[in-house]
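Note that our numbering numbers the sequence shown so that position 67 is 254, with each residue one more than the last.
Just so it is clear, CB atoms sit at the ideal spot from N, CA and C, and this is done for glycine as well.
These numbers come from a predicted model, not from an experiment.
Scroll down for the structure; my scribbles are underneath it.
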Amino acid sequence: MLRGAQVAKIDKVDKFLATRFGPRVAQRIEHAHVIDEGRPIETIWDAVTGATAYARSIPWTSERVEMETLAGDMLELVHV
188 MLRGAQVAKI
198 DKVDKFLATR
208 FGPRVAQRIE
218 HAHVIDEGRP
228 IETIWDAVTG
238 ATAYARSIPW
248 TSERVEMETL
258 AGDMLELVHV
């Protein structure tokens, strides 16, 4: 599943993330990924990485865990 997520390209990353997290959070996720990885989101794995990077900026544990759970749920989109 992880290998599949690493190669599963995303068309229209902004729409992909906005559908799952809303447009404002989607921008923050994209920004967090660029800060951590030095490049834009291209794959589902990148989206998960960006969402978990953004989650680290959330000060409340329950909200952080919720964001990390939603990020992990994106792995279910990978066809194995």
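Around R215, the same chain offers Y241 as residues with beta carbons nearer than 7 Å, after the five sequence neighbours per side are excluded.
Residue W232 holds the alpha-carbon nearest to the alpha-carbon of L189 among T236, W232, E255 and T239.
When DSSP states are grouped into helix, strand and coil, K196 belongs to the strand group.
Under the DSSP assignment, W232 falls in the alpha helix (DSSP H) whose first and last residues are I231 to A242. DSSP places R226 outside both helix and strand once states are collapsed to three, so it counts as coil. Within the same chain, and ignoring the five residues on either side of S244 in sequence, no residue has its Cβ closer than 6 Å to its Cβ.
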